[in-house]
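Each residue of the sequence shown is one higher than the one before, counting from 5 in the numbering used here.
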Amino acid sequence: MNNRYALTFAAILCLTGICLSFPSRAEDAKQDSSPPKESSASEGSALLEQARTRLTEYQSIKAELTERISFQDHSFVAKGSYLQGKRNQVRMEMTVELGSNRGALLEICDGNILYTRHDIIDQTQVTRRDVQKILQAAQKTGGRFSESSMIADLGLGGISGILAGIAADMNFKAPVEDELDGAPVYIIDGQWSDEFLSRFKNDPKIAPKDVQLPPFVPEQIRIILQKDSLFPRRITYLKRNPGGKITSPMLILEFSKIVFNSKVTNQQFEYVVDQAHPPTDVTEVYLRRFAQASQQKQPTPENPPPQQ
Numbered sequence: 005m006n007n008r009y010a011l012t013f014a015a016i017l018c019l020t021g022i023c024l025s026f027p028s029r030a031e032d033a034k035q036d037s038s039p040p041k042e043s044s045a046s047e048g049s050a051l052l053e054q055a056r057t058r059l060t061e062y063q064s065i066k067a068e069l070t071e072r073i074s075f076q077d078h079s080f081v082a083k084g085s086y087l088q089g090k091r092n093q094v095r096m097e098m099t100v101e102l103g104s105n106r107g108a109l110l111e112i113c114d115g116n117i118l119y120t121r122h123d124i125i126d127q128t129q130v131t132r133r134d135v136q137k138i139l140q141a142a143q144k145t146g147g148r149f150s151e152s153s154m155i156a157d158l159g160l161g162g163i164s165g166i167l168a169g170i171a172a173d174m175n176f177k178a179p180v181e182d183e184l185d186g187a188p189v190y191i192i193d194g195q196w197s198d199e200f201l202s203r204f205k206n207d208p209k210i211a212p213k214d215v216q217l218p219p220f221v222p223e224q225i226r227i228i229l230q231k232d233s234l235f236p237r238r239i240t241y242l243k244r245n246p247g248g249k250i251t252s253p254m255l256i257l258e259f260s261k262i263v264f265n266s267k268v269t270n271q272q273f274e275y276v277v278d279q280a281h282p283p284t285d286v287t288e289v290y291l292r293r294f295a296q297a298s299q300q301k302q303p304t305p306e307n308p309p310p311q312q
């Protein structure tokens, strides 16, 4: 195997997944009926929630997708397409080329089964998740895992799910009106909540704002919404330099050539299993996680429930 770029491709695909799903933290999510965070009352959070609602009203969404990745001393561009239907139907394809080598990512769900395929140089890995089993099991955990948080954690729900993951642990500033490519837009800047930052504290005396985050975790996120449709044209993950100033993005996710409500078929969300690369079913990993969470919540003789 020519592994000159193997780690590079792996970093691109993993970094993409980390940035898109890291904020969701499904294990710590509350039920949908829980009171909203104080920050959710801000103008930025309210507009973001409107954008999420608007996204679910479309019959379909098609778009071209470009990712610009800058991580440590490396910069790359990945391109692909995005297709969203109804009932958790999602298809996202990304490719990146370095010299004669190629890496690819495919995430496809027909609403019931989610397949994720990574092709890195001459290595292929395919995973399978039974979405319905996972969501049904999540409902039995007493609110530890909500359906909306699991949809975001799995990468389902399309762009709406991505926004849900971002909003889970962030506080947002008021939106600012501007233009992007001559079209009016809203710009919303977000930063981690103190609760989220506290998860990375090595010393309880350190203030959340002074916490040093791992290299793969951004400090801030900027979301640009089209003013008329509230569609997220661009999502930028920003990393701070050692001096403490935001200087450059670590990942830019940009959508273009967006088409709403075009005709799509169920076949476009079906994955054809490659017999040479059979998928590894990881559904049980989630189910075991849920079972452990439920057991932890059950009272024990040494720690009985409080008397009413």
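We put the CB at the ideal spot given by N, CA and C, even for glycine.
Here DSSP, grouped into helix, strand and coil, assigns Phe176 to strand. In chain order, Ala108 place their CB closer than 6 Å to the CB of Asp123, counting only its own chain and leaving out the 5 sequence neighbours on each side. Across the set Glu181, Gln224, Asn105, Phe220, the C-alpha of Glu181 shows the shortest separation from the C-alpha of Gln230. When the five nearest sequence neighbours on each side are left out, the beta carbons in the same chain lying within less than 6 Å of the beta carbon of Ser260 are those of Glu68, in order along the chain. Per DSSP, the unbroken beta strand (DSSP E) holding Thr240 starts and ends at 236–244. Taken in chain order, the unbroken stretches of beta strand (DSSP E) that lie wholly in the segment 50–75 and span 3 residues or more are 65–75.
A Cβ-Cβ contact shorter than 7 Å links Leu59 with Ile163.
Restricting attention to Lys83, Thr57, Gln88, the CA atom closest to the CA of Asn265 is found in Gln88. In this structure, the beta-carbon distance from Ile228 to Ile191 falls below 7 Å. Residue state for Ala142 is assigned as helix, using DSSP reduced to three classes. The beta carbons of Ile225 and Ile239 sit about 7 Å from each other, so the pair counts as a contact at 8 Å.
The criterion of a C-beta distance shorter than 7 Å is satisfied by Asp285 and Arg132. Out of Ala178, Arg91, Phe204, the CA that lies nearest to the CA of Ile112 is found in Arg91. Straight through space, the alpha carbons of Ser104 and Asp126 are spaced by roughly 12 Å. The DSSP assignment places complete beta strand (DSSP E) segments of no fewer than 3 residues inside the segment 191–239 at 224–230, in order along the chain. For the set Pro218, Glu199, Pro219, the Cα lying nearest the Cα of Pro212 is the one of Glu199. As DSSP reads the structure, Phe294 sits in no beta bridge. In this structure Ser252 is exposed. Its beta-carbon is surrounded by fewer than 16 other beta-carbon atoms within 10 angstroms. For Ser164, the enclosing alpha helix (DSSP H) has its first and last residue at 162–171.
Burial is judged here by how many other beta carbons sit within 10 angstroms of a residue's own beta carbon; Val277 has fewer than 16 and is exposed. In this structure, the CA atom of Lys209 is about 29 Å from the CA atom of Ser46. Across the structure, Tyr119 and Gln195 are spaced so that their CA atoms are roughly 31 Å apart.
By the CB criterion at 7 Å, Asp173 and Ser197 fall inside the cutoff. One alpha carbon belongs to Asp114, the other to Gln93, and they sit about 5 Å apart. Note that the C-beta distance between Leu184 and Gln54 is not below 7 Å.
Each residue's CA atom was taken as its position, placing His281 and Asp207 some 46 Å apart. In this structure, Val130 lies away from Pro236, with their beta-carbon atoms at least 7 Å apart.
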